[in-house]
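Presented below is the structure to which this report refers.
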Amino acid sequence: MKRSIYLKSTDIEDAKRIFHDALNSVYQKKHTETVQTEYAYGRVIAQPIYARRSVPFYPSSAMDGIAIDSAKTKNANEHKPLLLDPSDYIEVDTGDPILDPYDCVIMAEDCIHSDSGVSIIKPHVPWENVRPIGEDVTEGELLFSMEHVLRPMDISVLIAANQLSIEVYKKVSIAIIPTGTEIRSAYEPISVGDIVESNSYLFTGLALLAQALPTTYPIVKDDFSEIKHTVEDAVSKHDVVIINAGSSAGRDDYTVHVISELGKVLVHGLSIKPGKPAILGLVGDVPVIGIPGFPVSAHIVFEEFVTPLLLKLNHYPIPHVDRIEAYSTRRIVSSLKSKEYIRVKIGYIHDRYVATPLARGAGMMMSVVKSDGYALIEKNREGVDFNEMMDVQLNKPIQQIKHTLLAIGSHDLIMDVISNLFEQSTFPYHCSSVHIGSYAGLLALSRKESALAMTHLLESDGSYNTHTVKKLFPSEKVVMIKGVKRIQGLIVEKGNPKNIHTIEDLLRIRFINRQRGAGTRVLLDHWLNQKNINPESIVGYNKELTTHLAVAAAVANNVADCGLGIQSAATIMGCDFIPLGLEDYDFVCYADFLNDPLMMLFLTIIRSDEFKNICKSLGGYDTSESGEVRIYD
Numbered sequence: 000m001k002r003s004i005y006l007k008s009t010d011i012e013d014a015k016r017i018f019h020d021a022l023n024s025v026y027q028k029k030h031t032e033t034v035q036t037e038y039a040y041g042r043v044i045a046q047p048i049y050a051r052r053s054v055p056f057y058p059s060s061a062m063d064g065i066a067i068d069s070a071k072t073k074n075a076n077e078h079k080p081l082l083l084d085p086s087d088y089i090e091v092d093t094g095d096p097i098l099d100p101y102d103c104v105i106m107a108e109d110c111i112h113s114d115s116g117v118s119i120i121k122p123h124v125p126w127e128n129v130r131p132i133g134e135d136v137t138e139g140e141l142l143f144s145m146e147h148v149l150r151p152m153d154i155s156v157l158i159a160a161n162q163l164s165i166e167v168y169k170k171v172s173i174a175i176i177p178t179g180t181e182i183r184s185a186y187e188p189i190s191v192g193d194i195v196e197s198n199s200y201l202f203t204g205l206a207l208l209a210q211a212l213p214t215t216y217p218i219v220k221d222d223f224s225e226i227k228h229t230v231e232d233a234v235s236k237h238d239v240v241i242i243n244a245g246s247s248a249g250r251d252d253y254t255v256h257v258i259s260e261l262g263k264v265l266v267h268g269l270s271i272k273p274g275k276p277a278i279l280g281l282v283g284d285v286p287v288i289g290i291p292g293f294p295v296s297a298h299i300v301f302e303e304f305v306t307p308l309l310l311k312l313n314h315y316p317i318p319h320v321d322r323i324e325a326y327s328t329r330r331i332v333s334s335l336k337s338k339e340y341i342r343v344k345i346g347y348i349h350d351r352y353v354a355t356p357l358a359r360g361a362g363m364m365m366s367v368v369k370s371d372g373y374a375l376i377e378k379n380r381e382g383v384d385f386n387e388m389m390d391v392q393l394n395k396p397i398q399q400i401k402h403t404l405l406a407i408g409s410h411d412l413i414m415d416v417i418s419n420l421f422e423q424s425t426f427p428y429h430c431s432s433v434h435i436g437s438y439a440g441l442l443a444l445s446r447k448e449s450a451l452a453m454t455h456l457l458e459s460d461g462s463y464n465t466h467t468v469k470k471l472f473p474s475e476k477v478v479m480i481k482g483v484k485r486i487q488g489l490i491v492e493k494g495n496p497k498n499i500h501t502i503e504d505l506l507r508i509r510f511i512n513r514q515r516g517a518g519t520r521v522l523l524d525h526w527l528n529q530k531n532i533n534p535e536s537i538v539g540y541n542k543e544l545t546t547h548l549a550v551a552a553a554v555a556n557n558v559a560d561c562g563l564g565i566q567s568a569a570t571i572m573g574c575d576f577i578p579l580g581l582e583d584y585d586f587v588c589y590a591d592f593l594n595d596p597l598m599m600l601f602l603t604i605i606r607s608d609e610f611k612n613i614c615k616s617l618g619g620y621d622t623s624e625s626g627e628v629r630i631y632d
């Protein structure tokens with residue numbers, strides 16, 4: 000099979016128009032089924048529904064009290080209460096029928112009971128406190144028009160009105176076909192070179208959210224005949240088919256050829272990034288979409304094309320997505336050739352939204368998980384400057400973002416602990432952190448890009464954080480909140496086979512470093528300077544990772560022999576740890592933020608016994624000063 004090429008890099012809006020124009024005949028088809036009303040929640044009505052019974056279907060009491068002929072109450076007044084003859088009334092409860100000779104109900108609160116009977120102090124009119132036939136629903140009344148999505152109260156109304164089965168649109172079935180010779184099920188053993196098939200679980204979840212019925216096929220190898228046979232089967236049984244991976248221009252990318260042979264390729268290649276190698280096709284009257292294998296690309300293409308398609312075929316309304324304008328905290332370079340989707344973390348700081356870009360790789364699943372949305376940079380735009388406004392499509396409610404404490408700075412596992420304790424609190428608040436290093440975190444705080452900075456910068460006099468904070472905030476009142484004292488040391492493979500014990504040992508092994516500006520990197524450079532060691536003489540000094548866990552994982556997987564980090568990360572990754580020194584990991588915020596509800600909860604958490612006990616269980620932390628507030632003059 001020859002190498003595939005992109006037919007055309009098509010603008011996304013043009014691709015949507017081409018795709019949906021080709022599906023006009025598909026949209027015209029109506030597939031319905033009859034279901035029991037009690038199971039119809041969330042279904043879309045396919046025919047107008049009329050009441051088959053009035054509600055109520057008899058005159059009924061609207062109150063607890065007594066039923067009486069209203070004419071017998073006309074002489075009652077406050078100055079001369081009227082004593083009713085027991086033979087003139089009957090006691091009733093709410094919902095009881097009100098039949099001749101009674102025409103009104105006196106509620107229990109207006110009845111004066113005595114040994115002689117019931118007295119009233121005002122007259123009552125016909126049909127007072129009586130629900131007439133059809134007060135709520137009248138037989139023959141239109142209850143719901145077609146295309147209505149049934150809600151819980153709707154089901155209740157239908158049952159009451161004697162509509163016990165209804166005609167609804169059938170849910171669309173979608174076939175998910177994972178492909179790739181190197182792809183393995185999550186439930187089978189894997190080895191180096193294998194890729195765990197996880198995209199189908201993403202597609203299944205997104206399909207369910209779009210009210211569709213997903214079916215995932217077994218993994219298909221990169222073989223034209225096998226893929227073709229599987230697609231033929233899927234097209235014969237399902238309303239929509241997606242083929243995952245094999246949509247690019249590689250030697251083993253057969254998707255475009257399969258769709259072309261079985262039907263028609265409408266679009267191959269989109270001018271978006273990530274997500275360029277997508278395919279939109281039609282086999283008979285079944286839409287077939289080739290989705291790239293990289294998870295972020297897969298997510299974007301599915302949400303832009305498959306989700307709207309499924310909702311439309313299901314006659315389901317497109318849900319509202321919040322969009323905001325946010326100030327970029329970084330200069331973002333973008334391709335002129337493509338519309339780009341940048342994952343961002345959003346903060347609501349000093350009455351404005353700020354967006355911090357996250358990792359941009361198309362395979363970075365966690366960047367989507369951690370993001371608050373996509374910043375959209377249109378085609379033919381070189382990028383976004385620092386502090387420039389940009390359009391952001393949110394993936395969570397805007398109110399949740401406003402209730403989130405955004406912390407930016409150095410990485411430590413206690414930030415995950417704090418985030419979890421936020422979620423466990425009784426308050427609707429959240430804590431979200433971005434890890435870019437201590438100095439960069441303080442800069443972000445100084446530019447009003449975060450509410451809180453995490454820092455552990457070693458000063459020239461051996462203290463931590465103080466001088467740098469005073470330098471960056473010369474005229475603004477900020478406070479230092481003591482976090483933890485933590486042990487920094489060398490993370491080495493279990494059993495320490497390279498016999499690493501000191502900084503000097505870094506000269507003979509493979510090292511993995513932290514990024515520039517990270518407090519751990521500053522600490523390492525300080526120790527190297529003390530030992531008169533040239534950093535360039537260390538193999539791996541320029542190989543950087545951004546978190547302690549990433550460093551520990553690199554050591555655990557033999558990517559490096561050693562890295563500098565914290566004890567808790569070494570413990571989690573099953574590595575040994577050589578302690579070298581104790582340092583202060585602290586927090587900085589503006590003084591006027593201390594009384595903010597988010598900050599008050601943060602302080603409560605880090606002062607709590609629960610937080611301190613968790614830190615103790617992780618190992619390598621001293622929490623004796625946690626939560627102490629120190630004001631800078």
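First residue of the sequence shown: 0, per numbering that gives the first Met the number 0; consecutive thereafter.
All residues carry an ideal CB built from backbone N, CA and C; glycine is no exception.
- Scanning the stretch 482-537 for uninterrupted alpha helix (DSSP H) segments of 4 residues or longer gives 518-529, listed from N- to C-terminal end.
- Counting every other CB atom within 10 Å of its CB across the protein chains shown gives residue 253 a total of 16 or more, marking it as buried.
- Residues of the same chain with a CB within less than 6 Å of the CB of residue 314, apart from the 5 flanking positions on each side, are 43, 146, 168 in chain order.
- Under the 10 Å beta carbon count, residue 513 is surrounded by 16 or more other beta carbons and is classified as buried.
- Annotation: residue 345 to residue 47 spans about 44 Å, alpha carbon to alpha carbon.
- Note that the stretch 444-458 does not touch the stretch 552-571; fewer than 3 beta-carbon pairs, one per stretch, sit closer than 8 Å.
- Bounds of the alpha helix (DSSP H) holding residue 205 are 198-208.
- Between residue 518 and residue 570 the beta-carbon gap is near 20 Å, outside 8 Å, which marks them as no contact.
- Shown here, residue 601 sits in a helix according to DSSP, grouped into three states.
- Annotation: the continuous alpha helix (DSSP H) that includes residue 364 extends over 364-369.
- Per the Cβ contact rule, the stretch 202-221 is in contact with the stretch 173-188 (3 or more Cβ pairs under 8 Å).
- Of the candidates 483, 330, 395, 231, the residue whose Cα lies closest to the Cα of residue 411 is 483.
- Inter-residue distance for residue 53 and residue 64 is about 24 Å (C-alpha atoms, whole angstroms).
- Out of 542, 614, 536, 527, the CA that lies nearest to the CA of residue 486 is found in 614.
- The stretch 492-500 makes no contact with the stretch 525-533; the number of CB pairs closer than 8 Å stays below 3.
- Between residue 122 and residue 73, the C-beta gap is smaller than 7 Å, which places the two residues in contact.
- Assignment of residue 229 by DSSP, reduced to helix, strand and coil, places it in the helix class.
- DSSP places residue 311 in no beta strand (DSSP E) but in the uninterrupted alpha helix (DSSP H) bounded by 306-312.
- Where residue 154 is concerned, the enclosing alpha helix (DSSP H) starts and stops at 151-159.
- Membership of residue 614 in the alpha helix (DSSP H) is indicated by the continuous run 608-617.
- Taking a 10 Å sphere around the C-beta of residue 476, we find fewer than 16 other C-beta atoms and assign the residue as exposed.
- Relative to the Cα of residue 263, the nearest Cα in the group 31, 105, 18 belongs to 18.
- In the DSSP assignment, residue 413 falls within the alpha helix (DSSP H) that extends over 413-423.
- Taken atom to atom, the span from the alpha-carbon of residue 432 to that of residue 453 is near 9 Å.
- Restricting attention to 624, 359, 206, the CA atom closest to the CA of residue 293 is found in 359.
- C-alpha of residue 66 to C-alpha of residue 31: approximately 48 Å in a straight line.
- Runs of alpha helix (DSSP H) with 4 or more residues, each lying fully within the stretch 9-62, are found at 11-21, 23-27, listed in chain order.
- Annotated as proximal: residue 211 and residue 173, with beta-carbon spacing under 7 Å.
- The criterion of a C-beta distance shorter than 7 Å is not satisfied by residue 269 and residue 21.
- Runs of the alpha helix (DSSP H) spanning 4 or more residues and lying entirely within the stretch 549-587 occur at 566-571, in chain order.
- The beta carbons of residue 300 and residue 363 sit about 16 Å from each other, so the pair does not count as a contact at 8 Å.
- In this structure, the alpha-carbon of residue 166 lies about 22 Å from that of residue 308.
- When DSSP states are grouped into helix, strand and coil, residue 109 belongs to the helix group.
- Ranked by Cα distance from residue 127, the options 438, 58, 583 are led by 58.
- For residue 454, the enclosing beta strand (DSSP E) begins and ends at 451-454.
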